[in-house]
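One structure is given here, and the rest of the page talks about it.
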Amino acid sequence: MLPGSVPSESWHRAADQRLTLRPDVRVRRQFFRGELWYVLEDPLTNQFFRLPARAWAFVARLRPDLTVQQAWEACVRAQPDTAPGQEETIQLLARLHQANLLQSDQPPDSARLFERQRQRERRQWQARLLGIMFARIPLWDPDRFLQRVLPLMRWFLGPAGWCLWVATVGWAVKVAVDHAPELMQQTDRILAPDNWLLLYVGFALLKLLHELGHALVCRHLGGEVHTLGIMFLIFTPVPYVDVTSAWGFRERAHRIWVGLAGMWVELFVAALMTFVWAGTAPGTVHSLAFNMMFVASVSTILFNANPLMRFDGYFVLSDLLDIPNLYSRANQMLGYVVERFAFGCTTAVSPARSRREAVWLLLYAVCGHVYRVVVFAGILLFVGKRFLLLGVLMAVACLIGWVVAPLVRAVAYLAASPRLERCRLRAWTVSGAALAGVFLVLGGVPLPHHFRAEGVLRSDRYTLLAAPTEGRLVEILAPPGRNVQAGDPLLRLENPELEWERQLARAQWEETVARERRALHDATADLRPLAARRAALEKRIREIEAEQALQLVRAPHAGRWVAPELDQAVGRWIPRGTTLGLVLSEENFLFEAAVTQREAAWLFAQPLRAAEVRFRGQAGTPLNVTAQRVVPAEHRQLPSPALGWRGGGKIPVALDDPSGRRAAEPFFLVRAELAQDPAVTLMHGRSGQIRYTLPPEPLLRQWGRRLHQLLQREYGW
């Protein structure tokens, strides 16, 4: 049976119309996954419309001297197995008409044209309001500027430019690795208030060059760029350009090249800024260069190269997978799965053209939605922490755009969608049951509840040995790693100045004693001051000798002598207070954990069912906690730098603390005794996590409590 033999109730409305494409519409052939498609470009709006070959076979036959009926019949005769049916043809004409790509033999209805344009503008403004954090304002047509600049830049966009790019970026990576400590130190101050202005200036300059990179490559490959403007990225003005004309390129490699051009330029500029940063002294130029390096790296990895955000990486992935309109088609695929398998709508049509494409679309839809929720939630918290009113407005806008509007559309869809005509009752039933099931599971089913805290293993008796006096380390008397007893000599320092001072004081004492003897016979009035001088010198000699005795460092108690890097310090001058090592007992250990304030309530208010500790490197073997004690006071100093950000831990630390031990927020200290297990090696300083098991609780209650704690901590609510 021919496709055309299935009649449409609305066919009579379009059959006698004489329609054709507007003469200024441009048509290009493109191949996606080996299939031929036709891309229609509207030069007035710079919009694109993609048609499969079977649909183009009908559209190409539209002429002013033929009616729609005649053109369709000709298409059916020419391609009886693939020609679109009447209903599909009507939908195709409606979409072309809505896009203002058709013209008719009837006098143009200007009112309708302007009305459709107004509707399109209203939809654009609605999208801008819903995307309030990414609003765009066009300002300038850069096409002429690009035409003048392009002859000077063509060499840079060719093989010579690529060779230069690889060499420059490669050398910059080496420079960055060589200066890694300085880089890490300056990164800690990237968000300092006195750096905000330079950070934004570097960000804006980098983004301008990024967008010009897109524009130059697009113009170089034959595209047109007519819009340069300002995009408010989370209310921060940054430049943008419109290179949608690249969608019409036949070659997939050209479209990918346009998508990569911004990151390509950005990384090249970052490489140049690396050389500037490494070659300048601290100052404005030095800080600006570092900010541009940092922004280029972070923005490229987290945003531009990330295909889950609709930036450069998204368009590159779309071309690599040969799936145009990846975002919209992924959402359509998600809708198809719900309609077909949940609602039982047998007439639902999959937007995927193969099983592999269906998997890609579903995977992208799920990952994209989850990632956007996480990113926007983080943005809302970041903005709200600094500008509460603005954060509330953004939260309201997101609530309307992500919760209220989708719910209204879902209800309207369930109530009136013609696709659900034969399965509407099941759709309502399944939707209601799913919604009720979600609320039941989240609000009524107690689920496992626990929390974790970072900690470090400590010997119950250990002493950190610091140099009691200054001197040169001349001898290690007890090799590190051996067991020692109280009073055993560990190492010896030597300070020649102390011996000189002792000899000088001794000589002065002998002189004073001799003068005191003579005064007994010649000048008795001098006896009192000489006696005072002699006593002062004797005290000084005792002090020097006591300090000399400290040069022999002894074990304060029995235990293992631990000093892993001490052998490298032999022959060096050791200042007073320098850490030399530690002596620790290996009989009993305690696990010291830092519990944040928001989790500390569980320690005092809730019965803890169980607790266990897992150490890094042996996480598969937990140790049960046999007893614990909560120190009833707030702490700021972490038990070990390994628990903080700087030491690779998860606890935020103060940026102005070079030791990495001062926590950004107060915490409570828990000391736990552990059960013994021969499979787990207990070592002083070993880090891990303590996991507390709490009474089961529904997820909604858990999430509500965490939200309340978050608002209370950040905003005082």
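Here the UniProt record's numbering is used: the first residue of the sequence shown is 1, the next is one more, and so on. C-beta atoms are modelled at their ideal positions from N, C-alpha and C, and glycine is treated no differently.
Alpha carbon to alpha carbon, how far is residue j from residue i? Give it in angstroms, no decimals.
{"i": "leucine 425", "j": "valine 359", "result": "29 Å"}
{"i": "threonine 89", "j": "phenylalanine 290", "result": "58 Å"}
{"i": "glycine 4", "j": "phenylalanine 303", "result": "For glycine 4, the predicted structure reports a pLDDT of 41, less than 50, and the residue's modelled location is therefore unreliable. The matter cannot be settled from this model."}
{"i": "phenylalanine 315", "j": "proline 307", "result": "7 Å"}
{"i": "leucine 146", "j": "leucine 216", "result": "6 Å"}
{"i": "glycine 571", "j": "leucine 473", "result": "5 Å"}
{"i": "methionine 548", "j": "leucine 682", "result": "It should be noted that the sequence gives glutamine, not methionine, for residue 548. Roughly 37 Å separates the two Cα atoms."}
{"i": "alanine 111", "j": "cysteine 75", "result": "Its pLDDT being 46, under 50, alanine 111 is placed unreliably in this model, and the coordinates cannot settle the point."}
{"i": "alanine 600", "j": "alanine 278", "result": "45 Å"}
{"i": "leucine 490", "j": "glutamate 543", "result": "22 Å"}
{"i": "valine 305", "j": "aspartate 312", "result": "Note that residue 305 corresponds to alanine in the displayed sequence, not to valine. Those two C-alpha atoms are separated by around 6 Å."}
{"i": "arginine 517", "j": "leucine 498", "result": "29 Å"}
{"i": "proline 652", "j": "tryptophan 500", "result": "49 Å"}
{"i": "glutamate 87", "j": "tryptophan 257", "result": "39 Å"}
{"i": "alanine 558", "j": "phenylalanine 667", "result": "32 Å"}
{"i": "glycine 704", "j": "proline 446", "result": "14 Å"}
{"i": "proline 529", "j": "threonine 512", "result": "10 Å"}
{"i": "serine 104", "j": "tryptophan 247", "result": "28 Å"}
{"i": "isoleucine 137", "j": "alanine 415", "result": "37 Å"}
{"i": "valine 149", "j": "arginine 372", "result": "37 Å"}
{"i": "arginine 662", "j": "lysine 650", "result": "13 Å"}
{"i": "leucine 208", "j": "valine 169", "result": "20 Å"}
{"i": "valine 225", "j": "aspartate 242", "result": "6 Å"}
{"i": "phenylalanine 181", "j": "valine 366", "result": "Inspection of the sequence shows that residue 181 is occupied by proline rather than by phenylalanine. One C-alpha to the other measures close to 39 Å."}
{"i": "glycine 369", "j": "alanine 94", "result": "Correcting the residue type first, residue 369 is histidine in the shown sequence and not glycine. Straight-line Cα distance between these residues: approximately 30 Å."}
{"i": "proline 282", "j": "proline 237", "result": "28 Å"}
{"i": "valine 177", "j": "leucine 183", "result": "9 Å"}
{"i": "aspartate 657", "j": "leucine 566", "result": "25 Å"}
{"i": "asparagine 495", "j": "phenylalanine 604", "result": "53 Å"}
{"i": "methionine 1", "j": "alanine 53", "result": "Reliability fails at methionine 1, whose pLDDT of 37 lies under 50, so the model's placement of it is uncertain and no value is given."}
{"i": "phenylalanine 31", "j": "phenylalanine 249", "result": "11 Å"}
{"i": "leucine 336", "j": "valine 59", "result": "The question names leucine, but residue 336 in the sequence shown is tyrosine. Distance between the alpha carbons of tyrosine 336 and valine 59: 27 Å."}
{"i": "threonine 418", "j": "alanine 412", "result": "Contrary to the premise, residue 418 reads as proline rather than threonine in this sequence. So the alpha carbons of these two residues sit roughly 11 Å apart."}
{"i": "cysteine 345", "j": "phenylalanine 49", "result": "28 Å"}
{"i": "valine 269", "j": "methionine 293", "result": "8 Å"}
{"i": "proline 23", "j": "phenylalanine 343", "result": "44 Å"}
{"i": "lysine 539", "j": "glutamine 186", "result": "50 Å"}
{"i": "leucine 130", "j": "cysteine 398", "result": "The predicted position of leucine 130 is uncertain, since its pLDDT is 47 and thus under 50; a value taken from the coordinates is nonetheless stated next. The straight-line gap from Cα to Cα measures roughly 7 Å."}
{"i": "alanine 633", "j": "alanine 664", "result": "16 Å"}
{"i": "arginine 629", "j": "glycine 617", "result": "26 Å"}
{"i": "leucine 699", "j": "leucine 580", "result": "50 Å"}
{"i": "arginine 154", "j": "threonine 284", "result": "33 Å"}
For my contact list, residue i and residue j are in at a C-beta cut-off of 8 Å; report their separation, rounded to the angstrom.
{"i": "valine 583", "j": "leucine 623", "result": "Contact doesn't hold; Cβ gap of about 25 Å is too wide."}
{"i": "glutamine 508", "j": "leucine 537", "result": "5 Å"}
{"i": "glycine 471", "j": "glutamine 551", "result": "6 Å"}
{"i": "alanine 531", "j": "glutamine 485", "result": "About 44 Å; that fails the 8 Å criterion."}
{"i": "glutamate 673", "j": "alanine 627", "result": "4 Å"}
{"i": "valine 631", "j": "alanine 611", "result": "Contact doesn't hold; Cβ gap of about 16 Å is too wide."}
{"i": "valine 173", "j": "phenylalanine 275", "result": "With a Cβ gap of about 12 Å, valine 173 and phenylalanine 275 do not count as contacting."}
{"i": "serine 459", "j": "phenylalanine 589", "result": "6 Å"}
{"i": "proline 468", "j": "valine 374", "result": "Contact doesn't hold; Cβ gap of about 53 Å is too wide."}
{"i": "arginine 252", "j": "aspartate 319", "result": "5 Å"}
Which partner residues does residue i have in the DSSP bridge list?
{"i": "aspartate 42", "result": "Gln47"}
{"i": "tryptophan 37", "result": "Gln30 and Pro52"}
{"i": "phenylalanine 667", "result": "Thr596 and His635"}
{"i": "valine 298", "result": "Partner(s): none; valine 298 has no beta bridge."}
{"i": "glycine 455", "result": "Ala593 and Gly688"}
{"i": "arginine 616", "result": "None, per the DSSP bridge assignment."}
{"i": "leucine 493", "result": "Leu473"}
{"i": "asparagine 483", "result": "Arg560"}
{"i": "proline 138", "result": "Gly229"}
{"i": "leucine 447", "result": "Glu697"}
{"i": "tyrosine 240", "result": "Gly229"}
{"i": "threonine 463", "result": "Val583"}
If you pair each beta-carbon of the segment 672–691 with each one of the segment 583–602, do three or more pairs fall below 8 Å? Touching, yes.
Examine the Cβ distances between the segment 331–340 and the segment 348–367 and report whether three or more of them are shorter than 8 Å. Touching, yes, given that three or more Cβ pairs across the two stretches are closer than 8 Å.
Only counting runs of 3 or more residues, tell me where the beta strand (DSSP E) segments fall wholly within the segment 567–606, in order along the chain. Within the segment 567–606, the complete beta strand (DSSP E) runs of at least 3 residues are 579–584 and 589–596.
Tell me, please, whether the segment 163–176 touches the segment 255–274 by the rule of three or more beta-carbon pairs shorter than 8 Å. These segments touch.
If we count Cβ pairs, one from each stretch, closer than 8 Å, do we get three or more for the segment 388–402 versus the segment 366–380? Counting Cβ pairs under 8 Å, three or more are found: they touch.
List, from N- to C-terminal side, the alpha helix (DSSP H) runs of 4 residues or more that fit wholly inside the segment 392–429. Segments of the alpha helix (DSSP H) lying fully in the segment 392–429: 405–416.
Inter-stretch contact (C-beta, 8 Å, three-pair minimum) for the segment 14–31 and the segment 62–73: The answer is yes - the segment 62–73 touches the segment 14–31, with three or more Cβ pairs under 8 Å.
Can at least three beta-carbon pairs, one atom from the segment 287–301 and one from the segment 192–208, be found at a separation below 8 Å? By the Cβ test, the segment 287–301 is in contact with the segment 192–208, since at least three Cβ pairs between them sit closer than 8 Å.
Which ranges would you report for the beta strand (DSSP E) in the segment 82–108 if only whole runs of at least 3 residues count? Uninterrupted beta strand (DSSP E) stretches at least 3 residues long and entirely within the segment 82–108 occur at 102–104, given in chain order.
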